[in-house]
Amino acid sequence: MKKLLTLFVAAVAILASGVIQPVKAETLRVGMECTYAPFNFRNEAGDLDGYDVDVAKGVASIIGAELEFVCQKWDGMIPALLANKFDLIIASMSITDSRLEKMDFSQPYRISVGRLVGKKSADMNLFDDMGAPIAANFDGVKVGLERASTYASWFEAKLPDADVIYYDSSESLYLDLVNGRTDVIMTNPMKAFLKFLSKDDGAGYEFVSPQIDERKYFGIGVGIGLRKGNDALKDRLNIALKTLTDDGSLGTYAHKYFPFAIHNEQWTPVE
Amino acid sequence: MSFDLALILDSIPKMLMGIGLTFQLLFLSAALGLTLAVILLLMRISGRWYLSAPTMVYIYIFRGTPILVQIFIIYYGLPQLEFIRDSIFWPILREPFGCAVLALSLNTGAYVSEILRGGVLGVDRGLKEAGAALGLSARDRFIHITSPIAIRLALPAYSNDFISLMKSTALASTITLLDMMGIARTIVAETYAPYEIFISLAVIYLILTWIIQRSFGWLEKRMSRHVRQ
Amino acid sequence: MDALTGWWDDFFWGSVVVAEVFVTALILTVLLGLIGAAAKLSKNRVAKSIASGYTIVFRGTPEILVLLLFYFGSAIALTNIAQIFDPEIKFIDIPPFWAGSIAISLIVGSYATETFRGAFLGVDPGQIEAARALGLSNFKTFVYVRIPAMWRLALPPFGNHMLSLIKDTALISIIGLNETLFAAEQAIGNTGKPFTMYIVVGLIYLGFSTIITLSVMVLEKYANQHLEVGR
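Residue numbers (the working numbering), protein chains in the order written: chain A, 1 to 271; chain B, 1001 to 1229; chain C, 2001 to 2231.
If you want it as structure tokens, here you go:
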């Protein structure tokens, strides 16, 4: 009997030590979607790759920290950060005022814009010459958006009566556009161009709106997210990002996927 | 750990707006699933191998794979096949509601047919023999003797499956449907308060489960009132 | 079909993770089921009500909700508790593997509690009396007489619980665990072939279910072999 009891206690102890991992300071856990090519995704070799991943690695080597990547669905990204699931969000997350209420951001390391994609033949005429949306022409148009994204916020503010369907991931967003379940989607134009419009699947589709970068909804760009109260860490991140901008690394990272750089050449401060 | 009571009170009505969709998914899938289950049952106990073998394969597949995978295959997978998009079924498969009901019905049909089969097997042989001795045909025996008793025997297990079905409707939120779970996830995404929202939602589901269990308990009592304890 | 090349190893490692979660959760489920059943059958009012509350809550809440709640809520709760003991600790986090395994163990454990409870009630009272007569303590009776006898009765429904466990591992992909469904989603992002990838996942799970069902059949034979009187 005693043997069984000691075995039981030992088993519980082993299990418990696996469960509880109080982490000490210099490993930084980074949350990202892991299904958002070409910014953060898993390539065929099984490694995490992409612009966000490169930026994360670059920053880590400058500030001298170890990295641990954690995959997280987009709509749970900020709750997970606030719940201590990871320390940083490097997942192409835009710096918006509403997000700044709950968390901090570093300086931007990429510009943040949105654009609508739809079928070529549809001739929907959704935007006027000034680049503003024509609400009436959105009647009967099914719009796909990613839950909790800047595109969703912009849409809800500008076209609250539109028929919107929310998705958990950007991959499902594109799948359903091709399947005809949605007529247009609003998403990141860089990714749209690279992964969709320039490939066979996207042959019949095109941009149906001008580039939208209204600061209120898209912020000044995409930054590294962190919990409030970590100003020392934030400063270190900003110094690292400035280094990466100045020495051309951000440009190099971008050129792996795009024929252009995607970060803001001018250094704009977060207010 | 702050507990935002105001947020909970604000969110509960919003989540309850999804209850209509939850019920639609539940009752429609239950009805279709039950119909399918009866058909499968008859095929399974028919004694003819070309009817019972495919049924067993079907049940094996649907009970052996996760329902989430079944939902994804139907919603995201089928449109990949060209002929699906051109077929007459496309209007149904195009809608996430149609896909969810289809997946849930196919799944619950497999489980319920086995439950019904358990009920049928539990019918006392003596009663069936008595029916034969009285000159009733096999068909009449099945309808008038076996079925009522089988249903009564299967009721407890069926009530469990019904509750499982209700819990599975929450998975519809993964294919864009805004049932109670879908609305909850949207609220969490906007307010970053998973704890409060999800606990309130759990309480709502528990109340629903309690109502369902009481209803089935009442039904079981009614059906068993002639049985001497 | 060649969309799959390059992804086979991801699916393989995903399956390994599924197996790991299954084994972990299985151990926890059996423990929870036994403890819960014992609590429900005991004379202790407090234990009874806790166990009742446990089964009611976890049988009535959708699995996906339990998972999400556990994933987000547990870290906050545990950190707060830990900080009472050691304010130096910045946070305690439960990785998705453990959050998921514990969550699904709690869920299936609540069903197992009921199954074990029914099975315990089915143990021949004569055997218990015999154990008493031999002077075995309550605890010894429990371990050496009740559990082996109950196990035979519990095996068929417990086989179903095991199937539920393996299928619930698919849900853990929602909280970021790198198992087969997650691998499929990443493959789809790369290849654009959802049907192919999800069918592969389905087949993997079908394989697991088959192994479990066959194992249960073997176990049932083993558990009942002492009853096979010469026919």
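Cβ coordinates follow ideal geometry from the N, Cα and C atoms, glycine included. None of the values given here were measured: they were computed from a predicted structure.
- The contact set of C:D2009 on chain A, defined by CB atoms closer than 8 Å, consists of G46 in chain order.
- About 21 Å separates the Cβ atoms of B:Y1192 and A:L28, ruling out a contact at the 8 Å cut-off.
- Apart from sequence neighbours up to five positions away, the residues of its chain that approach A:G223 with a beta-carbon distance below 6 Å are I95, F105, S106, P108, ordered along the chain.
- Residue contact check for B:V1188 against chain A: a CB pair falls below 8 Å.
- DSSP places A:C71 in the strand class (E or B) of the three-state scheme.
- The Cβ atoms of A:M124 and A:V208 lie closer than 8 Å to each other.
- A straight line joining the alpha-carbon of B:I1012 with that of B:I1187 spans about 10 Å.
- Residues of the segment 2176–2191 of chain C with a C-beta atom less than 8 Å from some C-beta of chain A are G2176, N2178, F2182, E2185, Q2186, I2188, G2189, N2190, listed in chain order.
- Non-local C-beta neighbours of A:N238 in its own chain, meaning closer than 8 Å and more than five positions away in sequence, comprise S106, Q107, ordered along the chain.
- Contact between the segment 31–49 of chain A and the segment 2176–2191 of chain C is present: three or more C-beta pairs spanning the two stretches fall below 8 Å.
- When DSSP states are grouped into helix, strand and coil, A:T96 belongs to the coil group.
- Rounded to whole angstroms, the gap between the alpha carbons of A:L194 and A:G202 is 10 Å.
- Contact of C:S2074 with chain B is not assigned, every C-beta pair being separated by 8 Å or more.
- Taken atom to atom, the span from the alpha-carbon of A:L67 to that of A:I262 is near 24 Å.
- The beta carbon of C:I2128 sits no closer than 8 Å to any beta carbon of chain A.
- In the DSSP assignment, A:Y257 is bridged to no other residue.
- DSSP places A:E206 in the strand class (E or B) of the three-state scheme.
- Apart from sequence neighbours up to five positions away, the residues of its chain that approach B:I1212 with a beta-carbon distance below 8 Å are S1159, F1162, I1163, M1166, ordered along the chain.
- If you draw a straight line from the Cα of A:S169 to the Cα of C:H2161, it comes to about 31 Å.
- One finds K73 in chain A with Cβ atoms closer than 8 Å to the Cβ of C:I2174, taken in chain order.
- Assigned with DSSP and collapsed to three states, B:E1082 falls in helix.
- By the Cβ criterion, the segment 2166–2180 of chain C is in contact with the segment 62–76 of chain A, since at least three pairs of Cβ atoms, one from each stretch, lie closer than 8 Å.
- At a cut-off of 8 Å between beta carbons, C:V2108 makes no contact with chain B.
- Boundaries of the beta strand (DSSP E) harbouring A:E146: 142–146, taken from the DSSP string.
- Within chain A, D168 have C-beta atoms less than 7 Å from the C-beta of B:T1174, given in sequence order.
- By the C-beta density criterion, C:N2138 is exposed, having fewer than 16 other C-beta atoms within 10 angstroms.
- The alpha carbon of A:F196 has as its nearest neighbour, out of A:L100, A:L177, A:D213, A:P210, the alpha carbon of A:L177.
- Just so you know, the alpha carbons of B:I1073 and C:E2185 end up roughly 12 Å apart.
- Rounded to the nearest whole angstrom, the CA to CA distance from A:R115 to A:K142 is 15 Å.
- For C:G2126, the enclosing alpha helix (DSSP H) stretches over residues 2125–2133.
- Looking at the DSSP output, A:G223 sits in a beta bridge with A:M93, A:P108.
- Assignment of A:K216 by DSSP, reduced to helix, strand and coil, places it in the helix class.
- The shortest CA-to-CA distance from C:G2100 to any of C:F2116, C:Y2198, C:F2070, C:G2118 is the one to C:F2070.
- Taking a contact to require three or more Cβ pairs closer than 8 Å, the segment 2027–2043 of chain C and the segment 2103–2120 of chain C qualify as touching.
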